[in-house]
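*Asks:* Protein chains in written order, with the UniProt record's numbering: chain A, 1 to 336; chain B, 1 to 336. Glycine included, C-beta positions come from ideal geometry on N, C-alpha and C. Have a look at this one before I ask anything.
Number of protein chains: 2
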Amino acid sequence: MVKMSDVAEKANVSKATVSRVLRNPETVKKTTRDKVMAIIEQMNYQPNILARQFRRSETNTILVVIPNILNTVFSHILGGIEHEAGKNGYRVLLANTNKQVEKEYEFLDHLKQRQVDGMILLSARMDKGILAEVMKQYPVVLTADYLEGIPIPTVTIDNVSSGRTATEHLIKLGHSRIAHISGPLHLLVSRDRLKGYRQALLQNNLDVDNILIQEGDFSHESGYNQMTKLLALEHPPTAVFAANDEMATGVIKAAKDHGLSVPEDLAVVGFDNVKLSAIYDPGITTIAQPMFKMGNKAMELLLQQINGDDSNKTQYVLQNELVIRESCGAKQKNHG
Amino acid sequence: MVKMSDVAEKANVSKATVSRVLRNPETVKKTTRDKVMAIIEQMNYQPNILARQFRRSETNTILVVIPNILNTVFSHILGGIEHEAGKNGYRVLLANTNKQVEKEYEFLDHLKQRQVDGMILLSARMDKGILAEVMKQYPVVLTADYLEGIPIPTVTIDNVSSGRTATEHLIKLGHSRIAHISGPLHLLVSRDRLKGYRQALLQNNLDVDNILIQEGDFSHESGYNQMTKLLALEHPPTAVFAANDEMATGVIKAAKDHGLSVPEDLAVVGFDNVKLSAIYDPGITTIAQPMFKMGNKAMELLLQQINGDDSNKTQYVLQNELVIRESCGAKQKNHG
DNA sequence: ATACTAAATGTAACCGATTACATTTTACAT
DNA sequence: ATGTAAAATGTAATCGGTTACATTTAGTAT
Numbered sequence: 001m002v003k004m005s006d007v008a009e010k011a012n013v014s015k016a017t018v019s020r021v022l023r024n025p026e027t028v029k030k031t032t033r034d035k036v037m038a039i040i041e042q043m044n045y046q047p048n049i050l051a052r053q054f055r056r057s058e059t060n061t062i063l064v065v066i067p068n069i070l071n072t073v074f075s076h077i078l079g080g081i082e083h084e085a086g087k088n089g090y091r092v093l094l095a096n097t098n099k100q101v102e103k104e105y106e107f108l109d110h111l112k113q114r115q116v117d118g119m120i121l122l123s124a125r126m127d128k129g130i131l132a133e134v135m136k137q138y139p140v141v142l143t144a145d146y147l148e149g150i151p152i153p154t155v156t157i158d159n160v161s162s163g164r165t166a167t168e169h170l171i172k173l174g175h176s177r178i179a180h181i182s183g184p185l186h187l188l189v190s191r192d193r194l195k196g197y198r199q200a201l202l203q204n205n206l207d208v209d210n211i212l213i214q215e216g217d218f219s220h221e222s223g224y225n226q227m228t229k230l231l232a233l234e235h236p237p238t239a240v241f242a243a244n245d246e247m248a249t250g251v252i253k254a255a256k257d258h259g260l261s262v263p264e265d266l267a268v269v270g271f272d273n274v275k276l277s278a279i280y281d282p283g284i285t286t287i288a289q290p291m292f293k294m295g296n297k298a299m300e301l302l303l304q305q306i307n308g309d310d311s312n313k314t315q316y317v318l319q320n321e322l323v324i325r326e327s328c329g330a331k332q333k334n335h336g
Numbered sequence: 001m002v003k004m005s006d007v008a009e010k011a012n013v014s015k016a017t018v019s020r021v022l023r024n025p026e027t028v029k030k031t032t033r034d035k036v037m038a039i040i041e042q043m044n045y046q047p048n049i050l051a052r053q054f055r056r057s058e059t060n061t062i063l064v065v066i067p068n069i070l071n072t073v074f075s076h077i078l079g080g081i082e083h084e085a086g087k088n089g090y091r092v093l094l095a096n097t098n099k100q101v102e103k104e105y106e107f108l109d110h111l112k113q114r115q116v117d118g119m120i121l122l123s124a125r126m127d128k129g130i131l132a133e134v135m136k137q138y139p140v141v142l143t144a145d146y147l148e149g150i151p152i153p154t155v156t157i158d159n160v161s162s163g164r165t166a167t168e169h170l171i172k173l174g175h176s177r178i179a180h181i182s183g184p185l186h187l188l189v190s191r192d193r194l195k196g197y198r199q200a201l202l203q204n205n206l207d208v209d210n211i212l213i214q215e216g217d218f219s220h221e222s223g224y225n226q227m228t229k230l231l232a233l234e235h236p237p238t239a240v241f242a243a244n245d246e247m248a249t250g251v252i253k254a255a256k257d258h259g260l261s262v263p264e265d266l267a268v269v270g271f272d273n274v275k276l277s278a279i280y281d282p283g284i285t286t287i288a289q290p291m292f293k294m295g296n297k298a299m300e301l302l303l304q305q306i307n308g309d310d311s312n313k314t315q316y317v318l319q320n321e322l323v324i325r326e327s328c329g330a331k332q333k334n335h336g
């Protein structure tokens, strides 16, 4: 493997000059620069990045901690991160935790060992104290998930107000008996969507009936099962707000299997606006999270930290949007 | 940042001994080993991985080249890779090409510059000659996609026979006018599934009617549009084999919008067995690709190459499986 | 106690680029 | 021609582990 000193020798200059040609071309006279570049071409010299990384102790790599790659919400965010990272010459290392906290700690070591320049968490289940300690020393951004009472740069949507928007939409359509199938309640996201649901009901002088609130786990199956339970009630709901789109499909399937039509007999609103919600029959009315943009923004904030700009350690709340399709009954069935 | 020499000094041993304690503990006497380990703990010493990587010129990182993160087939394979990599102390660097060939070349440089120990391609659009050259020198495995006439280690299913299985299933159910909506025909995968479709028809003495073969792009929309075309024919098909599950959903939606029921008026078979096919209403009969296993196997083969075992540069063909759900009419509608 | 071998540890070179600092060259004014 | 500042280049230390080889220590047999 040809190295810098080989190039230097052949070009009759010092290693330092070759290095400068590559990293600070403007400090080298044009004639020497051209000469060196020619030799580099000719010898097909590739700098040893490992040596460079070691010497400069920077990796141009960031770590993305993902609870579950198979969840399209996360892959969309990942796409946004990847895009912004690529634009800035950064590479993305993947860290799949499979929802295990221990894995989060494991990947934290990468950061501490400076194997990556920064870290974006799409899930923060680890101890808040530890995280607070880490983010004092290293660039960290949190997105998709968020925490209370710790000043970590975060990019999210407002889940409380989103939950409210979704529920209010159903109220406006004339429903008063509205159920909610939540995400796992140990997640703040889930609790906030539930909070929004409650707020909407209360603000519209509707009772909050606890029997109408069921906890799911974001899976189709849990949506199906919880909806089946709800349909067995003496006074079943006429509308359901599901905390994500996949559960919404479960809800719809359960309703159909029970002989009901959606949206005629049951109105459904989901959450996320993943492709599934557009494809499903009926199309699912949902709250759109700007997933790609969240990834972009998170990476942007991380880069600021990496480049030593600590001024921006704030929380970013991006705009969400109600996307109306067929499942809520506000729109005619229609393809596209 | 505390370094190895600090530990050595405090423990009254040489750097070499500390290094050995970490990398070859069995070569160090137990008493010294314990002493050194104690100091390491006490000083909270973290070895500088960058220095190690540089010195040993290995990264314990592999690169996965993905045409599109948002496609769940690829994320499942990625999951399998990640799992196997993690088990073996390897990290996974993500390379999203967004289907651009230039990106593939760009990421090739990572490999050449030894920034990664090996590479798994989920898409090989680059020039075969270049790829052949690269794989002589570096560990490379191809999965999901494959190429003809180049002896690169590959992990796939047999797409021809899968296409045949899917089509034969429809023939057995009594259909004789069977359409095929293919993937993009510049992909070998798509051409092979089409080939299987043709073979099945011919082997069963059925005519291949070219008007029933339409090219899609794996998206729901293309499935919808092509199906709409087919339904406008004088003799529309009674069954459709779509080259992936997402297009199958488009087919089903088009049929419904045309007033037809699936499977009663139109039988549909998809391909991939992604979650969508299980969730959709009706559930989609499909060919299961063992995606996670493909990732696992690909990583396994790559590790063999990295560890210098070149004996196994072969093609792996994994088992596919027909998963029967409601969309083909062979099974009663039924949840789960 | 002695000799010899194996085990344990130490010494120092090395990986290949980067960069602070020193030196030489160039450009320009007088 | 000469002095001076700026530009260009060179010298050499450095980053922090790893490892071939040399040396010391321990273990065993005689």
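(1) Select from the segment 87 to 108 of chain B all residues with a C-beta closer than 7 Å to any C-beta belonging to chain A, and list them in chain order.
(2) Please identify, using Cβ separations under 8 Å, the residues of the segment 66 to 79 of chain B that lie next to chain A, in order along the chain.
(3) I need the straight-line Cα distance from Ser14 (chain A) to Ser57 (chain A), nearest angstrom please.
(4) In three-state terms, what does DSSP make of Ala124 (chain B)?
(5) Does DSSP classify residue 338 (chain A) as helix, strand or coil?
(6) Tell me, please, whether the CB atom of His258 (chain B) is closer than 8 Å to any CB atom in chain A?
(7) Would Arg118 (chain B) pass as a contact of Pro139 (chain B) if the rule is Cβ separation under 8 Å?
(8) Relative to chain B, which residues along the UniProt domain "HTH lacI-type" (2 to 56) of chain A have a C-beta separation below 8 Å, given in chain order?
(9) Can you give the beta carbon distance from Tyr249 (chain A) to Tyr280 (chain A), rounded, assuming they're within the 8 Å contact cut?
(10) Residues in the segment 245 to 257 of chain A with C-beta within 9 Å of chain B's C-beta atoms, listed in sequence order?
(11) For the alpha helix (DSSP H) that contains Val18 (chain A), what are its first and last residues?
(12) Can you check which of these residues, A:Pro47, A:Asp109, A:Thr59, is closest to Ala51 (chain B) by C-alpha distance?
(13) To be precise: take each residue of the segment 274 to 306 of chain B, compare its Cβ to all Cβ atoms of chain A, and keep it if any distance is under 8 Å. Which residues remain?
(14) Give me, in chain order, the residues of the same chain whose beta-carbon lies closer than 7 Å to that of Tyr197 (chain A); leave out the 5 immediate sequence neighbours on both sides.
(15) Is it true that the segment 109 to 127 of chain B meets the segment 84 to 101 of chain B, where meeting means three or more beta-carbon pairs spaced less than 8 Å apart?
(16) Taking DSSP as the reference, what is the three-state secondary structure of Gly149 (chain B)?
(17) With respect to the alpha helix (DSSP H) encompassing Asn96 (chain B), which residues constitute its N-terminal and C-terminal limits?
(18) Using beta carbons (cut-off 8 Å, strictly below), is Glu84 (chain A) in contact with chain B?
(19) In this structure, how does DSSP classify Thr286 (chain A) when only helix, strand and coil are distinguished?
(20) Could you please give the first and the last residue of the uninterrupted beta strand (DSSP E) stretch that includes Leu231 (chain A)?
(21) At the level of alpha carbons, what is the spacing between Lys275 (chain A) and Arg191 (chain B)?
(22) On a Cα-Cα basis, can you pick out the residue from A:Thr154, A:Ala132, A:Ala16 that is closest to Arg33 (chain A)?
(23) Note down the Cα distance separating Glu84 (chain A) from Ile62 (chain A), rounded to an integer number of angstroms.
(24) The segment 136 to 157 of chain B: which residues have C-beta closer than 7 Å to a C-beta of chain A, in chain order?
(25) Thinking C-beta only, is Leu322 (chain B) closer than 8 Å to Met294 (chain B)?
(26) Can we say the segment 213 to 232 of chain B touches the segment 251 to 264 of chain B, given the rule of at least three CB pairs closer than 8 Å?
(27) With contact counted as at least three CB pairs below 8 Å, one residue from each stretch, are the segment 80 to 96 of chain A and the segment 288 to 308 of chain A in contact?
(28) Can you name the residues of chain B whose CB is closer than 8 Å to the CB of Arg114 (chain A)?
(29) Going by beta-carbon coordinates alone, are Ser327 (chain B) and Ala267 (chain B) separated by less than 8 Å?
(30) What do you get for Leu142 (chain A), buried or exposed, if any count of 16 or more other CB atoms within 10 angstroms of its CB means buried?
(31) Determine, using beta carbons only, whether His220 (chain A) comes closer than 8 Å to chain B.
(32) Here's a check: name, in chain order, each residue in its chain whose Cβ is nearer than 7 Å to the Cβ of Asn105 (chain A), leaving out the five neighbours to either side.
(33) In the DSSP assignment, the alpha helix (DSSP H) including Ala242 (chain A) goes from what residue to what residue?
(34) Which same chain residues end up closer than 8 Å to Glu264 (chain A) when comparing Cβ atoms and leaving out the 5 residues on each side of it in sequence?
*Replies:* With the structure as the only source:
(1) Residues passing the 7 Å Cβ filter: Arg91, Val92, Leu93, Leu94, Asn96.
(2) When C-beta distances to chain A are compared with 8 Å, the residues of the segment 66 to 79 of chain B below that value are Ile69, Leu70, Thr72, Ser75, His76, Leu78, Gly79, in chain order.
(3) Rounded to the nearest angstrom, the two C-alpha atoms are 23 Å apart.
(4) DSSP places Ala124 (chain B) in coil when its eight states are reduced to three.
(5) In the structure displayed, chain A extends from 1 to 336; residue 338 (chain A) sits before or after that span and is not available.
(6) Residue contact with chain A for His258 (chain B): absent (no Cβ-Cβ distance below 8 Å to any residue of chain A).
(7) Here the sequence assigns Gly to residue 118 (chain B), which means Arg is not the residue at that position. Yes, Cβ-Cβ distance for Gly118 (chain B) and Pro139 (chain B) is below 8 Å.
(8) Within the UniProt domain "HTH lacI-type" (2 to 56) of chain A, the residues whose Cβ lies closer than 8 Å to any Cβ of chain B are, in chain order, Gln46, Pro47, Asn48, Ile49, Leu50, Ala51, Gln53, Phe54.
(9) First, the residue type needs correcting, since residue 249 (chain A) is Thr and not Tyr in the sequence shown. Rounded, the Cβ-Cβ distance is 6 Å, consistent with contact.
(10) The residues in question are Glu246, Thr249, Gly250, Ile252, Lys253, Ala254, Lys256, Asp257.
(11) Membership of Val18 (chain A) in the alpha helix (DSSP H) is indicated by the continuous run 15 to 23.
(12) For the residues A:Pro47, A:Asp109, A:Thr59, the minimum Cα distance to Ala51 (chain B) belongs to A:Thr59.
(13) Listed by position, the residues of the segment 274 to 306 of chain B near chain A (Cβ gap below 8 Å) are Lys275, Leu276, Ala278, Ile279, Tyr280, Asp281.
(14) These residues qualify, in order along the chain: Gly163, Thr167, His180, Phe241.
(15) Cβ pair count under 8 Å is three or more, so yes.
(16) Under the three-state reduction of DSSP, Gly149 (chain B) is assigned to coil, being neither helix nor strand.
(17) Here Asn96 (chain B) belongs to no alpha helix (DSSP H); instead the beta strand (DSSP E) covers 91 to 96.
(18) At a cut-off of 8 Å, the C-beta of Glu84 (chain A) has no neighbouring C-beta in chain B.
(19) In the structure shown, Thr286 (chain A) falls within a strand segment according to DSSP collapsed to helix, strand and coil.
(20) First-last for Leu231 (chain A): 220 to 231, but that is the alpha helix (DSSP H), not the beta strand (DSSP E).
(21) Their Cα atoms are separated by approximately 26 Å.
(22) Closest option to Arg33 (chain A), Cα to Cα, is A:Ala16.
(23) Taking the straight line joining both Cα atoms gives about 11 Å.
(24) Per Cβ criterion, the list is empty.
(25) Taking a C-beta distance under 8 Å as the contact criterion, Met294 (chain B) and Leu322 (chain B) do not qualify as a contact pair.
(26) Three or more beta-carbon pairs separated by less than 8 Å link the segment 213 to 232 of chain B to the segment 251 to 264 of chain B, which places the two stretches in contact.
(27) They touch, by the three-pair rule.
(28) Going along chain B in sequence order, the residues near Arg114 (chain A) (Cβ under 8 Å) are Asn48, Ile49, Leu50.
(29) In contact: Ser327 (chain B) and Ala267 (chain B) (Cβ atoms closer than 8 Å).
(30) Buried: at least 16 other Cβ atoms inside 10 Å.
(31) Yes, contact with chain B.
(32) For the sequence presented, residue 105 (chain A) should be read as Tyr rather than Asn. For Tyr105 (chain A), the CB contacts under 7 Å within the same chain, skipping 5 residues up- and downstream, are Met126 in chain order.
(33) Counted as a single uninterrupted DSSP element, the stretch harbouring Ala242 (chain A) is not any alpha helix (DSSP H) but the beta strand (DSSP E) occupying residues 239 to 242.
(34) The residues are Gly329.
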